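This note's numbering numbers the first residue of the sequence shown as 5 and each following residue consecutively. Even glycine gets a Cβ: it sits at the ideal position worked out from N, Cα and C. Since the model is a prediction, treat every value here as computed from it, not as a measurement.
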Amino acid sequence: MANTTGKKYGGRQKGTPNRMTKELRSILKDILYQELEEIEERLDVLEPKTRIELLIKMMPFVLPKTNAISHNTDEPIDFGM
């Protein structure tokens, strides 16, 4: 018989972290740290074109994106005085 009361019976309590997700994140973090320690040597082995392509792909994770700023001459200038 289905529970139609809207009350939760059994299972994890609300807000309890998923143990599998926590373990997986820990393992992936360890692997990433190991790879970051060796990244310089691995980049030196790559061909220049491949190295630049890889660096361009990694840039959004390190540098913030910039937005173009334009000024419209029809807008009033307000210096906040």
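- Between L67 and L58, the C-beta spacing is not below 8 Å.
- If you draw a straight line from the Cα of P21 to the Cα of G14, it comes to about 15 Å.
- Pairing E42 with S30, the inter-Cα distance amounts to about 19 Å.
- Cβ-Cβ distances below 7 Å link R55 to L47 in the same chain, with the five nearest sequence neighbours on each side left out; the list follows chain order.
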